[in-house]
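Throughout the sequence shown, residue numbering follows the working numbering, covering 350 to 835 in sequence. Okay, structure first, notes after.
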Amino acid sequence: MPGLREWGGGLVWGGLCLLFALFFAYMFVGDVRDARATAPALSPASLAQDPLELNEYRGQLVDVHGFALDCELAAFDGERLLAPAFAAASEGLIFVAFEHSSDCTEASRGSAEYRATAKAMSADLRADFGLDGPELQGATIAIVEPHSIGYWMIPAALFFGAIGLFGLNLAVSTRRRLIAALNRDLAPAPGPAPAVDDEHDAADPYRPGIPGRLITEEIALSPSLAARLRRVRTLQAGFAIVTLVAALATGVFGSKTIYEREQIWSQGVLAPDATASGETHRSVLILVRTNLDVTFVDTTGRVHREAASAMSLITGVDDSVPPVVRYLPDAPDQFAVSWIHEQRSGSWALLIIGTLALLAGGIAMGVSARRDRRPEQAAAVFNDPREALLDLVSVDRQIINGDDTGARTYHFCIRDSELVWSHFVGPKQPPPLFLDESETVALALYNPRDAGYLLVLSEQLAELKQPPLSSAQLRGRYQANTKTSP
């Protein structure tokens, strides 16, 4: 079927985004679990009385208290900042590890009691920091990394979840459009509408291929099928709302971030000694992501190491020119870098295009959900159920990366007409009900007042509420009618 590759691509794309969403959700749950778990205390008294058996590589959750953090004496150790934390007693000493200077400043203003991951300090670090003197022999000198809950993973999970669901919805919508286009291309020119007897029945637009009906008993729509159709439409509408909210949040927070960054650049003072290192990734030739580690010295002589990142379209970083850093004197943690300032036009363009794309996706899903009449059409079939025989034309298999997923798209020609109807069956769904041994004739129900919708019966007759007969009985009636028909 044309477009099957695009449909499969949408499923893969949506599945990967949902996998990212589950990953962020799992990480967030892990942070919350560690924050609530029972942990031993790490204090000057505990170090003296019952020292923890710490490992240099494997960390142990502890509750730190009784130490005073001093960010002024912090020093860099490779990719991290180590700030000493002193206690009134001299039994032990801890160093608190941070990624950036702003993290240390924020921690020093917070509570003196916090949860952290403690590790033993290596011998090399003891010597580098001058902690190998005889007065500290036998003392426990630990490195702790404050534990925090990554609340940012919640919007990240929601974002990837919305994108993933949008991808799956796009794949399903693509399949529907392709099927509708195929039916439209193969359908004959529209003729006069069939006559309708309002007092009783509507005229059949499809002449039955065999005399009489196969199902003479009273039948009704399965509640589970009706609920599933309504649930699909409700989920589609929910995805539309989530995508629209994500578009609004992206526009608001993205604009705020870029605007504040430019305000710092225009109002900040020049840092006399600044260096920047990092990397730039370019995707699909136009999407540029820049991640920098910036080190600068403020007017008081204090060294700061901060992270800076930006995304933009096309515009990259000219690393042939040394970086320039500006910061706010009363808040040195707020700074701007010339390399990222030069990307402002590309950042605004990416923000506008991304926000508009999310808006368009949300609106498209909302319109699709509003136009989805399948729950009403399926229910209307049983107001005046008629039968149509479907002759199998072809079957398309869904192959992704060389593997058969088990999904099938059956293409039928409606008996005694030139109309074509395509029916999709998922990997875990039962196949259509075939009436003959060669599996070339299927059975569908429709309402003559809405002949554009066919309800193809499955092998398990799951579409019917308490089926009055079995699939084998239907096949027997079909074969009996076929033998007796002229």
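Glycine included, C-beta positions come from ideal geometry on N, C-alpha and C. Nothing here was measured: the structure is a model prediction, and the numbers come from that model.
Other residues of its chain near residue i: CB distance less than 7 angstroms, five sequence neighbours each side excluded
i    : result
A659 : T639, I689, Q692 and S696
A727 : L570, L574, A575, L578 and L804
R582 : A718, D721 and P724
A589 : G711, M714, G715 and A718
F731 : I568, A569 and L570
A388 : L410, V411, D412 and R464
A729 : N796 and D799
T592 : A511, F515, L707, G710, G711 and M714
A461 : H414
A657 : L641, V643, V686 and I689
E628 : N640
A586 : G715 and A718
S604 : L700
Supposed contact pair residue j and residue i - C-beta distance, whole angstroms, cut 8 angstroms
i    : j    : result
L738 : V790 : 6 angstroms
L836 : A596 : Any answer about residue 836 is impossible in this case: the structure gives the chain only from 350 up to 835.
F377 : I503 : 6 angstroms
G415 : A436 : 6 angstroms
L854 : V686 : Residue numbering for the chain in the displayed model covers 350 to 835; residue 854 lies beyond these limits and cannot be assessed.
N796 : D733 : 5 angstroms
E736 : L507 : Between L507 and E736 the Cβ distance is about 46 angstroms, and since that is not below 8 angstroms, they are no contact.
L367 : G510 : 6 angstroms
G755 : P776 : 4 angstroms
Cβ neighbours of residue i in the same chain (closer than 6 angstroms, five flanking residues each side left out)
i    : result
P779 : S807, E808 and Q809
V744 : R757 and Y759
S661 : V637, Q692, G695, S696 and L699
L836 : Outside the shown range of the chain (350 to 835) lies residue 836, about which nothing can therefore be said.
Q409 : A467
V433 : The sequence as given places Pro at residue 433; Val does not occur at that position. D419, L422 and F444, listed in sequence order.
P816 : L810
T624 : T644
I607 : S696
T704 : A596, T599 and G600
Q683 : I613 and L677
L794 : V730, P734 and L804
P630 : Looking at the sequence itself, residue 630 is His, so the reference to Pro does not match. Only R638 meet the Cβ criterion.
R824 : L784
Proximal residues to residue i (C-beta, below 8 angstroms), its chain only, five neighbours per side dropped
i    : result
L430 : A423, A424, A446, F447, E448, H449, S450, D452, C453 and R654
A811 : S571, S573, L574 and P779
L619 : V673, V674 and R675
V381 : I498
E786 : none
D753 : R746 and Q747
I702 : L662
E611 : A685, H690 and R693
S632 : R638
D547 : With a pLDDT of 45 at D547, under the threshold of 50, the modelled position of this residue cannot be trusted, and the question is left open.
P539 : Reliability of the predicted coordinates at P539 is poor, the pLDDT of 43 falling under 50, and no value is obtained from them.
L365 : G513
L813 : I568, A569, L570, S571 and L806
Sheet register partners of residue i (DSSP bridge)
i    : result
D837 : Any question about residue 837 goes unanswered here, given that the chain covers just 350 to 835.
Q409 : A467
A446 : L431
P734 : P734 is not bridged to any residue.
V805 : A793
A506 : Partner(s): none; A506 has no beta bridge.
A838 : The requested residue 838 is not part of the displayed model; the chain covers only 350 to 835.
P495 : A465
W770 : F761
A424 : L431
S632 : L636
L391 : V413
R719 : None; R719 has no bridge partner.
I748 : D753
L570 : L813
V618 : Y676
L367 : Answer is none; L367 lacks a bridge partner.
L322 : Any question about residue 322 goes unanswered here, given that the chain covers just 350 to 835.
### Query
Going along the chain, which unbroken runs of the alpha helix (DSSP H) with 4 or more residues stay wholly within the segment 641 to 715?
Segments of the alpha helix (DSSP H) lying fully in the segment 641 to 715: 687 to 690.
### Query
What beta strand (DSSP E) runs, 3 residues minimum, are completely inside the segment 774 to 799?
Counting whole runs of 3 or more residues, the segment 774 to 799 contains the beta strand (DSSP E) stretches 790 to 796.
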